[in-house]
Amino acid sequence: MLSDGRNSRLEVKQVLNDLFSRSRKGEIVGLAGGDGREKKSLFGPTFGSLQADRRFVKVGDSPLVRIFNSKMRVACLPQTSFFQRNIKVSRMLTLVCGAKMAAQAAESSFVKPLLESKGYQLTDGQRRFLEIVMLVYLNVHLVLLEDPLVGIDPQYRDELKRIIEEQSKEKCFFVSGEYGGMADILTKEMWITERFAQESFGTSMIQLWGNSLVL
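Remember, this note's numbering sits 127 above the position in the sequence shown when you count from 1.
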């Protein structure tokens with residue numbers, strides 16, 4: 128994915144100008160910071176959750192002219208639950224991911240015991256876990272998982288890391304959250320928002336590559 132020239136405003140204040148980013152299949156990129164609005168202003172215009180004055184996004188060789196053009200190319204985890212109360216887990220997986228990818232997801236030892244449960248029978252943590260699983264197994268180029276560890280039972284964290292790493296061979300992932308709270312799931316590269324970097328490190332926006340700090 129190539130994203131360039133995003134201008135975003137909150138009320139009358141311009142909060143983002145001319146940010147350029149590029150992501151490729153096989154990458155798992157973290158976006159960390161202390162303020163949720165900061166992180167939303169960076170990637171909200173890309174995924175259409177925030178309006179931008181100027182926006183250019185290209186997936187592969189195809190520009191995304193309108194938000195609805197992004198269907199089956201990019202996907203974003205919503206903060207509110209989308210799991211249907213009266214539908215079985217097995218059916219939801221098929222509806223969202225398609226039969227082939229649903230079958231792969233169902234092989235997980237954490238998903239398999241829940242397949243015959245309906246939405247209303249799941250705990251909040253189980254429901255959130257399954258929603259992330261469905262996003263991970265979607266047939267898209269890029270997935271944004273915003274604060275995926277919030278509300279997740281600790282027993283599911285290693286499994287999420289495993290399936291994200293497995294599926295990153297076929298797509299790119301952006302994972303956002305508070306700094307220090309994503310170490311269990313991030314592996315390759317982390318971006319830190321400017322205000323948080325200034326407050327914590329005394330510098331502007333930085334990148335972390337493994338154990339290396341890039342200013």
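Think of the CB as a built atom: it goes at the ideal place given N, C-alpha and C, for glycine as much as any other residue.
- Remark: C-beta atoms of Gln294 and Gly246 do not approach each other more closely than 7 Å.
- Taking 4 residues as the minimum length, the alpha helix (DSSP H) runs contained wholly in the region 226-280 are 226-232, 251-263, in order along the chain.
- Straight across, the Cα-Cα distance linking Ala230 with Leu249 is about 20 Å.
- Leu204 places its beta carbon less than 7 Å from that of Glu273.
- Under the three-state reduction of DSSP output, Leu158 falls in the strand class.
- Residue environment analysis places Arg255 among the buried positions, since at least 16 neighbouring C-beta atoms fall within 10 angstroms of its C-beta.
- Look at Ser303 here: in three-state DSSP terms it is strand.
- For Lys288, the enclosing alpha helix (DSSP H) has its first and last residue at 284-294.
- Ranked by Cα distance from Val223, the first of Ala202, Arg289, Thr207 is Ala202.
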